[in-house]
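Colleague:
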């Protein structure tokens, strides 16, 4: 994305846009042709949503504070975490897709063509972010269907919520792409990306962090999912956001930059 | 060792040519060197491929053929060497090199998840052809490579030969002037191999320069204008197939026996022969001409020897190959009657 192209090439930006767009269409074609992968990844968050709401809902609602909290309060509590978890699950698909790509000869072909070098990765990243958004919308629809309602969120708050979800998708996607690049095959990529869907289990997604054991609380509170979930919760439901919004932003930017550097370094290293 | 020096001579002549007429060379490499850790893969090789010709890099597995292709096709950077492809400096302007070349590797570079047609259109998009132009190219090439029926099926369902044809078709979307073919027929059945040869010949007739690596000597013999034998990271010999064949001792007649006693008595009677006690076979030097054959047959009749099998072996690239790559423990004559038109045969002996 940086050095490989001749600096004076005038069409560089348009080349980057055009080739990345081609790669994006290729990835979306894969997703459309083989939807089972994407849908499988959606199963976990939807299952957990239904499980926690209908099976554990009555018990769990007792834990979210305030007397008289019932199942519908718990739906409201759990949905922001489930949406973030959906993103964590969807990006596993990106890790697998990248790893699969790298084991195929087609990447070698791309490398020997006069195309923008970064377009392969950009195509994966943009494709994954779009899939994340589609997944979030799907899971969100399920949540609405079982009774989730946003209380008095303004248009601006909706916009911010959307932006947060997109940014979080981007950050986790770059990390997942890095994991895919570092994995020798699709299975390994799928395994190494598992933490992205498991991490929400030890966040404030299902129960408030302050109900966790004291020694564990800092881990739960400061891992990337909790501040993002708390911020989303605040935007959609009007709960206290506090300093969570900027911690979430720092995490997003940090993870995105880290994942980007990691991915591009591995991509370029492949040509030593 | 003195032989190797002599063999290098044609290369040296060519390399002198490189400096004077490099503009007419599709590929020019001087002192190409590449090492992975302390393993030297290419030890300063020189290559010169005139435009519009087929150049074959021949060598056993692990000789460095694929590394050479990877470097010349900008996939991997060389450690040292003055390298030009299509007139562009590989180190300074790889993107211009990429615009001039097409590569079909050993492992087919098709996207198995999408259809053959979609693969072609993907290539058209990456070559920045207009939509209509891209469609036209795709249809034309799918037709030319007999892939129309399979065009709407995922490439992962294709047979080995179809995948390879799709691979080449994809390479041709961009109309490359120089094409690298890295072992294009490895793993193909004889029919698919012959069809691939036809494709390569067609490319050349269109004026394309081809850099072909192969481990099949017959393939190089069939297709290449010039052949370089790569062994242990060095060019062991370079020249036309005829030139290379001239470098090694000539052919022979081979007599094979099934009865050890008959073999023993024949070996005693025909003193001037090379014995192969294990195979119960004898070799008599011969150039394979009718006159010489008749003389040998007369001689055998006179000595009362009747072999169970008689084969005439003319020197071919197999001999060159084994001589140059030092694989002396491999028998350098096939067990079956020599059939120069059968593509499978050298393969078996090489492997």
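Protein chains in written order, with the working numbering: chain P, 262 to 533; chain D, 150 to 500.
All C-beta atoms, glycine included, are put in the ideal place defined by N, C-alpha and C.
Quick one: what's residue 229/D bridged to in DSSP?
Modeller: Note: residue 229/D sits in a beta bridge opposite 182/D.
Colleague: To the nearest angstrom, how far is the alpha carbon of residue 243/D from that of residue 297/D?
Modeller: Each residue's alpha carbon lies about 34 Å from the other.
Colleague: So, is residue 385/D buried or exposed, given that buried needs 16 or more other C-beta atoms within 10 angstroms?
Modeller: Buried, since its Cβ has 16 or more Cβ neighbours within 10 Å.
Colleague: Taking 8 Å as the threshold (C-beta atoms), are residue 425/P and residue 493/P in contact?
Modeller: In contact: residue 493/P and residue 425/P (Cβ atoms closer than 8 Å).
Colleague: Please work out which residues of its chain come closer than 8 Å, Cβ to Cβ, to residue 390/P, disregarding the five sequence neighbours upstream and downstream, and give them in chain order.
Modeller: Hits under 8 Å: 427, 430, 431 and 434.
Colleague: Along the chain, which unbroken stretches of the alpha helix (DSSP H) at least 4 residues long are found entirely within the stretch 445-498 of chain P?
Modeller: For the stretch 445-498 of chain P, whole alpha helix (DSSP H) runs of length 4 or above, ordered along the chain, are 447-453, 456-459, 478-483 and 486-498.
Colleague: Flag this pair as touching only if the stretch 221-229 of chain D and the stretch 177-188 of chain D have three or more C-beta atom pairs under 8 Å; answer yes or no.
Modeller: These segments touch.
Colleague: Which residue's Cα is closest to the Cα of residue 221/D: 330/D, 410/D, 353/D and 212/D?
Modeller: The shortest C-alpha separation from residue 221/D is found at 330/D.
Colleague: Taking C-beta pairs closer than 7 Å, name the residues in chain D that residue 376/P reaches, listed in chain order.
Modeller: Residues of chain D passing the Cβ test: 275.
Colleague: Which term fits residue 413/P, buried or exposed, when burial requires 16 or more other beta carbons within 10 angstroms of its beta carbon?
Modeller: Exposed, since its Cβ has fewer than 16 Cβ neighbours within 10 Å.
Colleague: Which bits of chain D does residue 295/P rub up against, with CB to CB less than 9 Å?
Modeller: Ordered by position in chain D, the residues that pass the 9 Å Cβ test against residue 295/P are 262.
Colleague: Could you check whether the Cβ of residue 331/P sits closer than 8 Å to any Cβ belonging to chain D?
Modeller: Cβ-Cβ to chain D under 8 Å: no for residue 331/P.
Colleague: Which two residues bound the contiguous beta strand (DSSP E) that contains residue 197/D?
Modeller: That run of the beta strand (DSSP E) goes 188-199.
Colleague: Count the other C-beta atoms from every protein chain shown that fall within 10 angstroms of the C-beta of residue 269/D, then say buried if there are 16 or more, exposed otherwise.
Modeller: It counts as buried.
Colleague: Which value, in whole angstroms, describes the spacing of the CA atoms of residue 468/P and residue 324/P?
Modeller: Approximately 7 Å, taken between the alpha carbons.
Colleague: Near residue 102/D, what residues of its chain come up, given a Cβ to Cβ distance below 6 Å and the 5 sequence neighbours on each side ignored?
Modeller: With chain D running from 150 to 500 in the structure shown, residue 102/D is simply not present.
Colleague: Going by DSSP in three states, residue 425/D sits in which element: helix, strand or coil?
Modeller: Residue 425/D falls in the strand class under three-state DSSP.
Colleague: From what residue to what residue does the alpha helix (DSSP H) around residue 432/D run?
Modeller: Here residue 432/D belongs to no alpha helix (DSSP H); instead the beta strand (DSSP E) covers 430-434.
Colleague: Using only CA atoms, which one of 342/D, 248/D, 463/D and 210/D lies nearest to residue 439/D?
Modeller: When only C-alpha atoms are compared, the closest one is 463/D.
Colleague: Using a beta-carbon distance cut-off of less than 7 Å, what residues from the stretch 229-257 of chain D approach chain P?
Modeller: Answer set for the stretch 229-257 of chain D: 242, 244, 247, 248, 250, 252, 254, 256 and 257.
Colleague: Cα separation between residue 480/P and residue 491/P?
Modeller: Each residue's Cα considered, the two are about 15 Å apart.
Colleague: Is there a Cβ from chain P that is less than 8 Å from the Cβ of residue 278/D?
Modeller: Chain P, which has no Cβ nearer than 8 Å to the Cβ of residue 278/D, makes this no.
Colleague: What's the C-alpha gap between residue 302/D and residue 333/D?
Modeller: Cα to Cα, the separation comes out at about 23 Å.
Colleague: Less than 7 Å between C-beta atoms, sequence neighbours within five positions excluded: which residues of the same chain meet that for residue 498/P?
Modeller: Around residue 498/P: 337, 411 and 412.
Colleague: Does chain D have any CB closer than 8 Å to the CB of residue 283/P?
Modeller: It does: the Cβ of residue 283/P has a partner Cβ on chain D nearer than 8 Å.
Colleague: Find out if the Cβ-Cβ distance for the pair residue 454/P, residue 437/P is shorter than 8 Å.
Modeller: Yes, they are a contact pair.
Colleague: Tell me the rounded alpha-carbon separation between residue 380/P and residue 317/P.
Modeller: The alpha-carbon atoms of residue 380/P and residue 317/P are separated by roughly 45 Å.
Colleague: Here's a check: name, in chain order, each residue in its chain whose Cβ is nearer than 6 Å to the Cβ of residue 505/P, leaving out the five neighbours to either side.
Modeller: Taken in chain order, the residues that qualify are 488, 491 and 492.
Colleague: Mind listing the chain D neighbours of residue 366/P? Cutoff is C-beta to C-beta under 7 Å, in chain order.
Modeller: Ordered by position in chain D, the residues that pass the 7 Å Cβ test against residue 366/P are 254, 256, 257 and 258.
Colleague: Evaluate residue 274/P with the Cβ neighbour count: other Cβ atoms within 10 Å of its Cβ, from every protein chain shown; 16 or more gives buried, anything less gives exposed.
Modeller: Exposed: under 16 other Cβ atoms inside 10 Å.
Colleague: With DSSP as the reference, identify every bridge partner of residue 237/D, one or two as the case may be.
Modeller: DSSP lists 234/D as partners of residue 237/D.
Colleague: Leaving out five residues before and five after residue 285/D in sequence, what residues of the same chain have Cβ atoms less than 7 Å from its Cβ?
Modeller: Correct list: empty, nothing qualifies.
Colleague: In angstroms, rounded to a whole number, what distance separates the CA positions of residue 186/D and residue 364/P?
Modeller: Rounded to whole angstroms, residue 186/D to residue 364/P spans 23 Å at the Cα level.
Colleague: According to DSSP, is residue 455/D part of a helix, a strand, or is it coil?
Modeller: Reduced to three states, the DSSP call for residue 455/D is coil.
Colleague: Tell me whether residue 366/D sits in a helix, a strand or coil according to DSSP, three-state version.
Modeller: If DSSP states are grouped into helix, strand and coil, residue 366/D belongs with the helices.
Colleague: Residues of chain D with CB under 7 Å from residue 373/P, in chain order?
Modeller: Result: 222, 223, 224, 247, 250 and 252.
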